[in-house]
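Scroll down for the structure; my scribbles are underneath it.
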Amino acid sequence: MADQSYPVGQGVEVTVERSPARGTWLEVVHDWITTVDHKKLGIMYIAYALVFLLVAGFEAMLIRIQLIKPHNDFLSPYTFNRMFTMHGTTMVFLVGMPILFGFGNYLVPLMIGARDMAFPRLNAFSFWISSFAGLLLYYSFIGGVGLSGTGSAPDIAWFAYAPLTEKAFSPGHTTDYWAIAILANGIGSIGTAINIIATVFCMRCKGMTLSRIPLLPWLYATMSFLVLVAVSPLTACQAMLLLDRYLGAHFFDTQAGGSAILWAHFFWIFGHPEVYVLVLPAFAFANEIIPVFSRKAIFGYPAMVAASVGIGFISLGVWAHHMFTIGMTSFGNAFFTLSTMLVSIPTGIKTFNWLATIWGGKIRFETPMLFSIAFLFQWVIAGLTGIMLSVSAWNWQLHNSYFVVAHFHYVLVGAIVFMIFAAIYYWYPKITGRMLDETLGNWHFWLMVIGFHVTFDVMHFPGLLGMPRQIYTYEPDRGWNTLNFIVSIGGFIQAIAILIFVYNMVHSYFRGDDAGPDPWDAWTLEWATASPPPVYNFAIEPEVASRRPLWDRKHPEDPDSAFE
Amino acid sequence: MATVPLQHDQHDAEWTLPSRGTVAMAALITAESSIFTIFVVAYLYYLGRDVHGPTPKDALEVPWFYSICLISSSFFIVLAERAIEHGKIAAFRLWWAITILLGIIFLYGTGVEWHSLIVDHHLTIATNLFGTTYYSLVGLHASHVVVGLVMMLFVLVFSLMGAVHPHHAYRVKTLALYWHFVDAVWIVVFTVVYVVGR
Numbered sequence: 001m002a003d004q005s006y007p008v009g010q011g012v013e014v015t016v017e018r019s020p021a022r023g024t025w026l027e028v029v030h031d032w033i034t035t036v037d038h039k040k041l042g043i044m045y046i047a048y049a050l051v052f053l054l055v056a057g058f059e060a061m062l063i064r065i066q067l068i069k070p071h072n073d074f075l076s077p078y079t080f081n082r083m084f085t086m087h088g089t090t091m092v093f094l095v096g097m098p099i100l101f102g103f104g105n106y107l108v109p110l111m112i113g114a115r116d117m118a119f120p121r122l123n124a125f126s127f128w129i130s131s132f133a134g135l136l137l138y139y140s141f142i143g144g145v146g147l148s149g150t151g152s153a154p155d156i157a158w159f160a161y162a163p164l165t166e167k168a169f170s171p172g173h174t175t176d177y178w179a180i181a182i183l184a185n186g187i188g189s190i191g192t193a194i195n196i197i198a199t200v201f202c203m204r205c206k207g208m209t210l211s212r213i214p215l216l217p218w219l220y221a222t223m224s225f226l227v228l229v230a231v232s233p234l235t236a237c238q239a240m241l242l243l244d245r246y247l248g249a250h251f252f253d254t255q256a257g258g259s260a261i262l263w264a265h266f267f268w269i270f271g272h273p274e275v276y277v278l279v280l281p282a283f284a285f286a287n288e289i290i291p292v293f294s295r296k297a298i299f300g301y302p303a304m305v306a307a308s309v310g311i312g313f314i315s316l317g318v319w320a321h322h323m324f325t326i327g328m329t330s331f332g333n334a335f336f337t338l339s340t341m342l343v344s345i346p347t348g349i350k351t352f353n354w355l356a357t358i359w360g361g362k363i364r365f366e367t368p369m370l371f372s373i374a375f376l377f378q379w380v381i382a383g384l385t386g387i388m389l390s391v392s393a394w395n396w397q398l399h400n401s402y403f404v405v406a407h408f409h410y411v412l413v414g415a416i417v418f419m420i421f422a423a424i425y426y427w428y429p430k431i432t433g434r435m436l437d438e439t440l441g442n443w444h445f446w447l448m449v450i451g452f453h454v455t456f457d458v459m460h461f462p463g464l465l466g467m468p469r470q471i472y473t474y475e476p477d478r479g480w481n482t483l484n485f486i487v488s489i490g491g492f493i494q495a496i497a498i499l500i501f502v503y504n505m506v507h508s509y510f511r512g513d514d515a516g517p518d519p520w521d522a523w524t525l526e527w528a529t530a531s532p533p534p535v536y537n538f539a540i541e542p543e544v545a546s547r548r549p550l551w552d553r554k555h556p557e558d559p560d561s562a563f564e
Numbered sequence: 001m002a003t004v005p006l007q008h009d010q011h012d013a014e015w016t017l018p019s020r021g022t023v024a025m026a027a028l029i030t031a032e033s034s035i036f037t038i039f040v041v042a043y044l045y046y047l048g049r050d051v052h053g054p055t056p057k058d059a060l061e062v063p064w065f066y067s068i069c070l071i072s073s074s075f076f077i078v079l080a081e082r083a084i085e086h087g088k089i090a091a092f093r094l095w096w097a098i099t100i101l102l103g104i105i106f107l108y109g110t111g112v113e114w115h116s117l118i119v120d121h122h123l124t125i126a127t128n129l130f131g132t133t134y135y136s137l138v139g140l141h142a143s144h145v146v147v148g149l150v151m152m153l154f155v156l157v158f159s160l161m162g163a164v165h166p167h168h169a170y171r172v173k174t175l176a177l178y179w180h181f182v183d184a185v186w187i188v189v190f191t192v193v194y195v196v197g198r
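Sequences listed follow chains A and B, in order.
In case it helps, the UniProt record's numbering puts the first sequence at residues 1 to 564.
In case it helps, the UniProt record's numbering puts the second sequence at residues 1 to 198.
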C-alpha cells in the first residue's frame with residue numbers, strides 16, 4: 001500500500017532543515033545565486049518585489065508630501081516628474097509582475113503535484129534578467145546629476161508617450177534606461193510565461209485532468225497567455241524606440257512623418273491587458289483562499305475557468321479606451337466603449353461565484369480572509385468607476401484627471417495589492433514553516449483598509465473638480481487644498497500599515513508559531529508536503545481523483561471523487 | 001495514521017501529457033507572432049507616408065530565387081524529421097545539411113539586397129520611414145533566420161560527432177517547428193513588403 005500513497009498531515013518522512021544550506025555565508029549565497037529550484041526562485045522573486053514595493057512606496061510618499069499643500073517646494077518639478085515615473089514603472093514592472101510570478105513559481109508546481117517547473121534553467125534565467133532590469137532602472141539614479149538631483153532617472157511617465165521620448169525632447173540617457181530596463185524585463189516575463197504554460201499543461205501529476213487542475217494554475221496559464229500576446233508588443237515597441245534613439249530611425253519621430261499615435265496604440269495594446277495580467281493572479285489567490293476560509297468548495301468551477309479565459313480574450317480588444325481623447329472616429333469610440341463594458345460580464349460571473357462560495361459557509365475571519373473580503377468590495381467599486389470611465393463622453397471630461405488615478409489605484413491597490421497581502425498571509429506558513437502573527441496582521445489589515453479608503457475614495461473628488469494628474473503643484477484657489485491634504489494623510493496611514501507588515505514578516509520568521517504542513521486545513525496539494533517543502537516537493541509523486549485531493553484524503557467516507 | 005492509501009479506478013489507465021518542448025515552442029511562437037505583428041502593422045501604417053524618397057517602388061526588387069530557397073527548406077527539414085524518426089542517420093544528416101545550406105543562401109540574398117539598397121539607393125534605416133520600417137521588419141526576420149541556423153548547425157555538428165540518435169527525434173521536431181515558423185513569417189513579410197508594399 002505504501003507505494004500508492006503519499007503522506008498527509010505529518011509531512012514527508014524526511015527531516016527538513018530550516019536553513020536550506022549549512023556552511024559559510026559564501027556557500028549560502030552561492031547556493032541561492034546558482035539555484036534552479038522553483039521554490040527558491042519564487043522566494044527570490046517575492047523578496048525582490050517586496051524590496052521594490054518599499055522603494056516605490058517611498059516614492060509615492062514623496063509625491064504625496066509635495067502635494068499636501070499648494071505651492072509646496074519640497075520637490076523640484078524635475079524631481080517630481082522622476083518620482084511619478086519611477087513610482088509607476090516600479091510598481092507595475094518591478095513589484096506587480098515579479099511578485100505574481102514569484103507566487104506562480106512557488107505554487108504552480110506544488111499545486112499540480114510536480115517536482116519542478118518544466119524548464120528550471122529558463123526559470124533562473126528569467127529571474128536574473130528581470131532583476132538586471134530592476135537594477136539597471138535604479139542605477140539611473142546615480143548617473144548624470146547624481147542622487148539629490150536624482151541623476152538620469154526616467155521622467156517620461158510610465159507610458160512614455162511619443163514624441164517626448166525622442167532624442168530631440170529627451171536628450172541624455174533617461175529614456176534609454178527606461179527602454180532597456182523594460183526590454184530586459186519583458187524578455188524575463190515572456191520566458192516565465194512560456195515556462196508556466198508548459199508546466200501547467202505538461203507536468204500535471206497522475207489523474208489531474210484539465211477539469212481537475214486547481215483554479216490557481218488555470219488562471220496562471222491564462223495570465224501567461226496574456227503575457228505572451230501583450231508583453232511581446234511592448235518589447236517590440238522598446239526595440240523600435242531604441243532604434244529611433246540610437247540609429248536615427250523614425251518610428252515615432254513626427255518631424256519625419258512618424259506617428260505619436262502609433263506609440264499610444266502599441267503601448268496600450270500592452271497596457272490594458274497588463275491590468276489583467278496583474279489582476280488574474282489576484283483572482284487566483286481569491287479562488288484558493290475564499291473557499292478554504294468559508295469551508296466550502298468553490299462555487300461554479302467551470303464558470304470560473306470560462307470567465308477567466310473570457311476576461312483574457314476580451315481584454316485584448318479594449319486598449320483604445322485609454323485613447324478616447326486622442327481623437328478617434330465615433331465608431332472607434334463606440335466600439336471601445338462597448339468592448340470595455342463587455343469585460344464586466346465575466347468579471348461579474350466571478351464576483352457572484354465568490355459570493356455564492358461565501359454564502360452559507362462557516363466563515364473564519366482570519367487575516368487572509370479579511371483581506372479577501374475587502375478585496376471583493378473594493379474590486380466591485382473599482383469596476384463601477386471603470387464603467388464610468390469607459391463611457392467615451394464622460395471620459396473626455398475626466399481623462400488624465402485624478403479621477404483616473406483614483407480608479408486605477410482602486411484596481412491596483414484595492415484589488416491586487418490586497419490580494420497579494422492575503423496570499424502572503426495564506427502561504428507564508430508554507431514557505432517559511434512559521435505562522436504570521438495574527439494580532440499584527442489585524443493591525444496591518446485595519447490600518448491598510450482605513451488608509452486605502454481615506455486616500456483613494458477622497459482622490460476621486462479633486463479629479464471631478466478638474467485636478468490633472470502629474471502636476472507638481474497647484475494654485476490655492478481651486479478647492480483642492482483640503483482634499484489633497486486628506487489624501488496625503490491616507491497615504492501615510494497606508495505606509496504605517498505596510499511597515500507593521502514588514503515588521504511582522506521579519507519577526508514571525510524567527511519567532512512565529514510553528515505552522516506544520518497544513519495550518520489552514522486546506523484541500524490543494526501544496527499542503528500535502530512539509531512546510532517548507534523539501535527540494536523535491538513530494539517524496540512520492542501524488543495522484544489525484546478530484547479537484548480537492550486533500551479533502552478526499554481527510555474524509556475517505558465522503559470523498560469528492562465519488563461525485564465526479 | 002497520516003497516510004491514506006490511494007485507490008483510484010483509473011489507477012492503471014495510461015497517463016499521457018503533451019510534450020513540454022512542443023507546448024513551450026508553441027508558446028514561444030505565439031509571443032514571436034505578436035512581435036512580428038507589431039512590426040508588420042508599423043510597416044503597413046507607414047506605407048506611402050515618407051517625407052522624401054526612395055520609396056519601395058524605386059528601390060525594391062522581388063527576391064524570387066532566395067524566397068524559393070527558404071520556403072523549400074521547410075520541405076527538406078520535413079524529410080530530415082522523417083529520416084531521424086526511422087533511424088536513418090545518414091539521410092538525416094544530408095537533409096539537415098541541405099536545409100542549412102538553403103537557409104544560408106537566403107541570408108546571403110538578404111545581404112545582397114541590403115548592400116544594393118545601401119550602396120545604389122542610399123537607403124539606410126535613418127533615411128526615411130520606408131528605410132526605418134523595411135530594415136527593422138526584414139532585419140527582425142533575418143535575425144530569426146540566424147538564430148535558427150545557429151541552432152541547426154549545432155545539431156549538425158553533434159550529429160557528425162555521432163551524438164544524435166533516433167530517440168532525439170522529438171527534440172529535432174521541436175527545432176523544426178521553429179524553422180517552419182521562420183518560413184511562415186517570411187510568407188507574411190514577403191506579401192507585405194514585396195506584394196502589398198510595391
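The beta-carbon is built from N, C-alpha and C at its ideal position, and this holds for glycine as well.
Quick check on DSSP: helix, strand or coil for residue i?
i: residue 9 of chain A; result: Because the pLDDT of residue 9 of chain A is 46, which lies under 50, any placement of that residue in the model is unreliable, and the question is left without a value.
i: residue 10 of chain B; result: Annotation note: pLDDT 49 at residue 10 of chain B (below 50); position unreliable, no value reported.
i: residue 400 of chain A; result: coil
i: residue 434 of chain A; result: strand
i: residue 558 of chain A; result: coil
i: residue 543 of chain A; result: strand
i: residue 476 of chain A; result: helix
i: residue 244 of chain A; result: helix
i: residue 183 of chain B; result: helix
i: residue 468 of chain A; result: strand
i: residue 120 of chain B; result: coil
i: residue 518 of chain A; result: coil
i: residue 533 of chain A; result: coil
i: residue 484 of chain A; result: helix
i: residue 197 of chain B; result: coil
i: residue 460 of chain A; result: helix
i: residue 65 of chain A; result: helix
Would you say residue i and residue j are within 9 Å of each other, going by their C-beta atoms?
i: residue 30 of chain B; j: residue 318 of chain A; result: no
i: residue 392 of chain A; j: residue 466 of chain A; result: no
i: residue 435 of chain A; j: residue 515 of chain A; result: yes
i: residue 202 of chain A; j: residue 113 of chain A; result: no
i: residue 241 of chain A; j: residue 320 of chain A; result: no
i: residue 118 of chain A; j: residue 20 of chain B; result: yes
i: residue 252 of chain A; j: residue 165 of chain A; result: yes
i: residue 385 of chain A; j: residue 272 of chain A; result: no
i: residue 567 of chain A; j: residue 133 of chain A; result: Any answer about residue 567 of chain A is impossible in this case: the structure gives chain A only from 1 up to 564.
i: residue 102 of chain B; j: residue 143 of chain B; result: no
i: residue 433 of chain A; j: residue 374 of chain A; result: no
i: residue 166 of chain B; j: residue 85 of chain B; result: yes
Figure out for me which residue from the options has the closest Cα to the Cα of residue i.
i: residue 580 of chain A; options: A/109, A/530, A/455, A/138; result: It is not possible to answer for residue 580 of chain A, since the shown part of chain A is limited to 1 through 564.
i: residue 538 of chain A; options: A/547, A/546, A/527, A/475; result: A/527
i: residue 99 of chain A; options: A/265, A/144, A/285; result: A/285
i: residue 182 of chain B; options: B/18, B/19, B/35, B/20; result: B/35
i: residue 356 of chain A; options: A/298, A/408, A/338, A/346; result: A/298
i: residue 145 of chain A; options: A/158, A/70, A/172; result: A/172
i: residue 437 of chain A; options: A/56, A/191, A/48, A/368; result: A/368
i: residue 323 of chain A; options: A/316, A/336, A/116; result: A/336
i: residue 396 of chain A; options: A/83, A/72, A/468; result: A/468
If residue i sits next to residue j, beta carbons under 8 Å apart, how far is it from one beta carbon to the other, in whole angstroms?
i: residue 325 of chain A; j: residue 399 of chain A; result: 4 Å
i: residue 447 of chain A; j: residue 500 of chain A; result: 7 Å
i: residue 130 of chain B; j: residue 50 of chain B; result: 5 Å
* **Whole runs of the alpha helix (DSSP H) within the region 22 to 56 of chain A, excluding any shorter than 4 residues** => For the region 22 to 56 of chain A, whole alpha helix (DSSP H) runs of length 4 or above, ordered along the chain, are 25 to 33.
* Asked: Which runs of the alpha helix (DSSP H) spanning at least 4 residues fall entirely within the region 73 to 159 of chain A, listed in chain order?
  -> Secondary structure within the region 73 to 159 of chain A: the alpha helix (DSSP H) runs of 4 or more consecutive residues, fully enclosed, are 77 to 89, 97 to 111, 120 to 139 (chain order).
* To do: Can you check the region 189 to 222 of chain A for any beta strand (DSSP E) of at least 3 residues that lies completely inside it and give the ranges in chain order?
  => Within the region 189 to 222 of chain A, no complete beta strand (DSSP E) run reaches 3 residues.
* Counting only runs that start and end within the region 271 to 354 of chain A, where is the alpha helix (DSSP H) found for 4 or more residues in a row? -> Runs found: 301 to 315, 330 to 342.
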